[in-house]
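Enquirer: Those protein sequences? They're chains A and D, same order as listed. Those letters in the first sequence? Residues 76 to 500, per the working numbering, in order. Those letters in the second sequence? Residues 76 to 500, per the working numbering, in order.
2 protein chains.
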Amino acid sequence: MSPSAIPIETTSCLTDKGVSHTLKKAVANQSPLADLNASLCMTALTQNPRTVPEPNSPEVFAQKTCTDHMITCSWTHTEGWKAPELKPYGPLTLMPTASVLHYATECFEGLKLYRGYGGKLRLFRPQRNCARMLTSSTRIALPGFKPEELLKLIVKLCATDGEKWLPKSRPGTFLYIRPTMIGNDSALGVQKPKEALLYIILACFPNLDISQGPKPGLKLLASRDDMVRAWPGGFGYAKVGANYGPSLLAQGEARAKGYDQILWLFGQDCEVTEAGASNFFVVWRTREGKLQLVTAPLGEKIILDGVTRRSAIDLAQSRLSGKVSNGHSNGHAESELEPLEVVERHFNMGEVLDASNEGRLVEAFAAGTAFFIAAISEIHFRGKDIEVPLKGGDMGLYAGKIKGWLKDIMYGNEQHEWGLVVDEE
Amino acid sequence: MSPSAIPIETTSCLTDKGVSHTLKKAVANQSPLADLNASLCMTALTQNPRTVPEPNSPEVFAQKTCTDHMITCSWTHTEGWKAPELKPYGPLTLMPTASVLHYATECFEGLKLYRGYGGKLRLFRPQRNCARMLTSSTRIALPGFKPEELLKLIVKLCATDGEKWLPKSRPGTFLYIRPTMIGNDSALGVQKPKEALLYIILACFPNLDISQGPKPGLKLLASRDDMVRAWPGGFGYAKVGANYGPSLLAQGEARAKGYDQILWLFGQDCEVTEAGASNFFVVWRTREGKLQLVTAPLGEKIILDGVTRRSAIDLAQSRLSGKVSNGHSNGHAESELEPLEVVERHFNMGEVLDASNEGRLVEAFAAGTAFFIAAISEIHFRGKDIEVPLKGGDMGLYAGKIKGWLKDIMYGNEQHEWGLVVDEE
């Protein structure tokens with residue numbers, strides 16, 4: 076059974092049904108307006124090509140370098156989407172009264188362009204990012220669009236800059252793709268922006284997947300009661316700026332105390348939600364002896380519907396659960412790993428602590444685009460240090476297995492429908 | 076007893092103690108860096124002076140017109156605050172990767188410059204806005220500063236542009252002052268910005284205080300369970316962009332249904348918190364017969380510590396509570412109005428509904444800088460329309476009284492320590 080055939084839970088905003096519903100609502104409000112249309116894109120190539128930095132050089136770690144070009148597209152409430160423009164990368168001009176600078180009318184996506192070992196460029200399940208961008212833009216009072224048109228624009232920019240910025244001589248490298256939408260209406264009133272700008276940039280990004288510290292694994296600091304990331308009825312599920320700025324204070328305190336990220340808890344019983352800006356997974360054995368991969372559910376919409384999260388769940392279900400589907404055993408069954416059950420449910424720090432105290436905690440990891448699959452080695456919670464095993468050395472065995480499979484798909488070692496090949500121009 | 080001598084509740088972030096604490100924490104992290112210093116401000120006046128629009132003209136309603144000048148000041152994490160610059164109003168240039176465009180690292184203030192009837196320019200309790208700006212900037216991982224230096228910069232800009240943009244021939248008019256701070260660090264990583272920009276602009280703003288509709292009073296739509304503005308442990312008390320963008324969707328739905336603003340509720344028992352971007356007050360009679368002015372408390376930090384809110388409370392306590400302080404009756408005792416008790420406490424829609432059903436609901440109003448004191452005529456809550464009396468015609472008698480006193484102080488009809496006179500240059 077292919078991973079995409081696994082039923083996606085109905086609460087996901089990234090299902091076809093979800094997208095269609097979100098889009099219908101958005102389009103209903105702007106029906107006579109022009110849709111986003113990638114085929115209208117005008118191209119003006121740079122006359123001042125820039126130098127590609129070495130992978131993982133200080134310049135790359137600074138995370139300020141983008142490729143030669145960007146795509147921009149303006150929207151107004153009277154006309155809709157104008158023709159997109161592919162043009163030289165450069166600064167934006169905004170009036171000091173611009174909506175985005177005061178009211179956080181902004182959302183973004185994060186995905187990567189991979190240079191595969193076979194020489195091809197690939198995107199990884201980009202349809203999900205484009206669908207989520209629509210969920211985010213319409214949550215933050217920015218315009219809707221057809222996700223497939225955004226995808227075409229992303230592909231166009233990648234096709235233009237990919238060959239130079241991800242040379243074939245450097246297989247296994249990637250660029251970070253950042254589609255962004257901002258309200259650039261210069262009216263100061265607190266209101267839905269009447270003008271917006273969509274833009275796509277490609278940034279040189281360090282490989283955070285490589286362990287940096289003296290000890291492998293991330294050290295997490297559990298959030299305090301007075302620092303709550305998201306709330307039911309809020310917007311924790313959307314990739315809007317309003318979820319990030321308010322988290323930086325806690326993140327800074329964590330770093331000052333020697334931790335890598337915050338483990339965001341929710342509610343009086345300290346439910347585990349996210350780790351930093353990634354989704355959080357734990358592998359434990361229940362008291363009844365069942366081995367489980369557990370992550371928080373999406374139902375209350377306080378958790379980001381991560382593409383890496385969903386892919387880890389999908390792969391674990393199809394390749395690690397020990398189930399045989401359609402009468403065939405799947406080709407990836409790994410005999411050396413004990414099968415586990417994949418569970419999306421609420422769980423809290425008390426359960427993690429009990430599992431640790433009783434020797435049932437197997438491993439934990441964070442999953443997201445920027446940090447990819449990152450092992451967790453320690454969680455500090457209310458005065459207690461919970462050591463998380465790293466049985467594979469650098470990371471747990473299950474995290475390592477899932478990470479390997481994902482990498483194989485991203486870099487084309489495994490031909491898989493999740494990998495979208497980008498033809499270079 | 077002067078209003079400022081009334082003890083300010085200890086949870087307020089705007090007390091001297093609160094400011095000192097916030098500033099100490101902020102300064103501790105940047106001690107060798109340059110402080111914000113208004114005396115270093117460099118001036119470059121415009122060569123292209125602009126035309127002042129007519130009050131309440133379409134141009135003013137568009138809320139896009141600012142005065143001839145603005146003040147900007149840059150901060151870096153290695154040097155601290157640079158010299159401020161007073162310069163011609165114009166666009167800002169930001170890299171597409173700028174922190175503020177992705178992570179909502181932004182905060183602002185809103186206050187007004189009033190042209191008094193005696194010909195003088197005045198600010199109203201601007202110290203509180205400057206103190207709150209510090210609370211907001213440090214909550215959103217932006218740098219701290221000495222609030223009194225921000226005040227000096229605000230005064231300088233007002234002194235420069237006030238004479239032309241608020242001519243003495245137009246007493247009773249105002250400009251809207253918008254101090255803003257943004258993270259303009261061009262590093263794309265999710266982290267505390269290493270560069271920031273403080274800027275102050277003066278915008279022409281319509282008088283929202285004048286009733287626009289066919290019927291006086293605002294119509295409020297109570298928020299749905301799935302639209303929560305702020306939560307304990309969040310940032311509802313800070314004037315950060317992240318509180319505004321996420322509210323626009325509900326606001327847009329309210330307007331589409333014919334309401335003026337959302338009445339933001341919180342929790343399962345539908346606690347009343349804020350109205351639109353203003354604080355909410357209700358006057359009711361208890362079942363025991365006590366007349367009360369009630370507004371939500373600041374304790375959980377889900378409510379903005381509004382300057383108009385605080386001033387309304389202060390004036391009601393000193394002039395409407397019927398209490399005689401220091402052995403002297405105060406000169407403003409208004410015999411025509413029955414004294415009331417001022418109460419900051421949690422209250423919910425059930426209580427408002429009961430008061431309405433039992434004929435105990437006296438009036439309700441919103442209090443904020445933009446909408447000033449705005450009467451509320453109707454609240455729609457879960458299928459029920461609650462009619463709110465407007466005994467004074469356009470607004471309730473208590474709201475009208477408080478509004479009148481505030482206006483007198485703002486426009487200098489009453490000499491009061493809350494009014495800070497700006498000397499024109």
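Every residue, glycine too, gets a C-beta built ideally from N, C-alpha and C.
Check whether the stretch 224–243 of chain A and the stretch 154–166 of chain A are in contact - that is, three or more C-beta pairs closer than 8 Å.
Expert: yes
Enquirer: Can you have a look at A:Arg200 and say buried or exposed, based on whether 16 or more other CB atoms are within 10 angstroms of its CB?
Expert: Flag for A:Arg200 reads buried.
Enquirer: Along the alpha helix (DSSP H) that carries D:Ser386, what are the first and last residues, could you check?
Expert: Val382 to Leu390
Enquirer: Go through the stretch 222–258 of chain D residue by residue and report every complete run of the alpha helix (DSSP H) that reaches 4 residues or more, in order.
Expert: Taking 4 residues as the shortest admissible run, the stretch 222–258 of chain D contains the following complete alpha helix (DSSP H) segments, listed from N- to C-terminal end: 222–240.
Enquirer: How about D:Ala317: is its C-beta nearer than 7 Å to some C-beta of chain A?
Expert: yes
Enquirer: For D:Gly443, which beta-bridge partners are listed by DSSP?
Expert: D:Phe447
Enquirer: Does D:Gly494 come within less than 7 Å of chain A when only Cβ atoms are used?
Expert: No, D:Gly494 does not count as interfacial toward chain A.
Enquirer: Distance check for A:Arg214 and D:Leu324, CA to CA, integer angstroms please.
Expert: 7 Å
Enquirer: Does any CB atom of chain A fall closer than 7 Å to the CB of D:Tyr178?
Expert: yes
Enquirer: Beta-carbon separation of A:Asp469 and A:Pro291 under 7 Å?
Expert: yes
Enquirer: Counting only C-beta atoms, is D:Ile276 closer than 7 Å to chain A at any point?
Expert: yes
Enquirer: Based on Cα-Cα distance, which residue from A:Gly351, A:Leu366, A:Val369 and A:Glu270 lies nearest to A:Leu379?
Expert: The residue with the shortest Cα to Cα distance from A:Leu379 is A:Gly351.
Enquirer: Less than 7 Å between CB atoms is the rule here; does D:Ile484 satisfy it with respect to chain A?
Expert: no
Enquirer: Considering just the uninterrupted stretch of the alpha helix (DSSP H) at A:Glu134, what are its terminal residues?
Expert: Pro133 to Phe136
Enquirer: By the 10 Å Cβ neighbour count, where 16 or more other Cβ atoms means buried, how is A:Ala441 classified, buried or exposed?
Expert: buried
Enquirer: Determine the burial state of D:Ser452: buried for a count of at least 16 other Cβ atoms within 10 Å of its Cβ, exposed for fewer.
Expert: So D:Ser452 counts as buried.
Enquirer: Apply the 10 Å Cβ neighbour rule to A:Gly308 and answer buried if 16 or more other Cβ atoms are within range, or exposed otherwise.
Expert: Around the CB of A:Gly308, 16 or more other CB atoms lie within 10 Å, so the residue is classed as buried.
Enquirer: If I measure Cβ to Cβ from D:Leu340 and keep anything under 7 Å in the same chain, skipping five residues before and after, which residues do I get?
Expert: Ala297, Ser298, Glu346, Val347, Thr348 and Met424
Enquirer: If we call anything under 7 Å between Cβ atoms a contact, is D:His144 one with D:Thr210?
Expert: no
Enquirer: Ignoring anything shorter than 4 residues or poking outside the stretch 177–217 of chain A, list the alpha helix (DSSP H) runs there in chain order.
Expert: 201–214
Enquirer: Is A:Gln105 close to chain D, meaning its C-beta is less than 7 Å from at least one C-beta of that chain?
Expert: With a pLDDT of 49 at A:Gln105, under the threshold of 50, the predicted position of this residue should be treated as unreliable, and no value is reported.
Enquirer: Can you tell me which of the three DSSP states A:Ile378 falls into?
Expert: DSSP, read as helix, strand or coil, puts A:Ile378 in coil.
Enquirer: Provide the residue span of the beta strand (DSSP E) that contains A:Gln367, from first to last.
Expert: Leu366 to Thr370
Enquirer: Could you pull out every residue in the same chain whose Cβ sits closer than 8 Å to the Cβ of A:Arg330, ignoring the five residues on either side in sequence?
Expert: none
Enquirer: Which residues does DSSP pair with A:Gln122 in a beta bridge?
Expert: Looking at the DSSP assignment, A:Gln122 forms no beta bridge with any residue, so it has no partner.
Enquirer: Classify A:Leu120 as buried or exposed, calling it buried when 16 or more other Cβ atoms lie within 10 Å of its own Cβ.
Expert: Classification of A:Leu120: exposed, given that the 10 Å Cβ count is below 16.
Enquirer: Taking only runs of the alpha helix (DSSP H) that begin and end inside the stretch 271–342 of chain D, which ones reach a length of at least 4 residues, in chain order?
Expert: 323–331, all fully within the stretch 271–342 of chain D.
Enquirer: Is the Cβ-Cβ distance between A:Val463 and A:Ala439 less than 7 Å?
Expert: yes
Enquirer: Taking contact to mean 3 or more Cβ pairs, one atom from each stretch, closer than 8 Å, check whether the stretch 310–326 of chain A and the stretch 305–320 of chain D are in contact.
Expert: yes
Enquirer: Is the CB-CB distance between A:Arg420 and A:Pro372 below 7 Å?
Expert: yes
Enquirer: Below 7 Å between beta carbons is the criterion; list the residues of the stretch 229–248 of chain D that meet it against any residue of chain A, in chain order.
Expert: none
Enquirer: Roughly how many angstroms separate the alpha carbons of D:Arg385 and D:Lys314, rounded to a whole number?
Expert: 16 Å
Enquirer: Given this structure, state the Cα-to-Cα distance separating A:Val369 from A:Leu415, to the nearest angstrom.
Expert: 10 Å
Enquirer: If we count the other Cβ atoms within 10 Å of its Cβ and call it buried at 16 or more, is D:Tyr473 buried or exposed?
Expert: buried
Enquirer: What in chain A is Cβ-close to D:Thr538, meaning under 8 Å?
Expert: Coverage of chain D is limited to positions 76 through 500, which leaves residue 538 of chain D absent and any answer about it impossible.
Enquirer: Assess contact between the stretch 244–251 of chain A and the stretch 184–191 of chain A, defined as three or more Cβ pairs (one per stretch) separated by less than 8 Å. Is contact present?
Expert: yes
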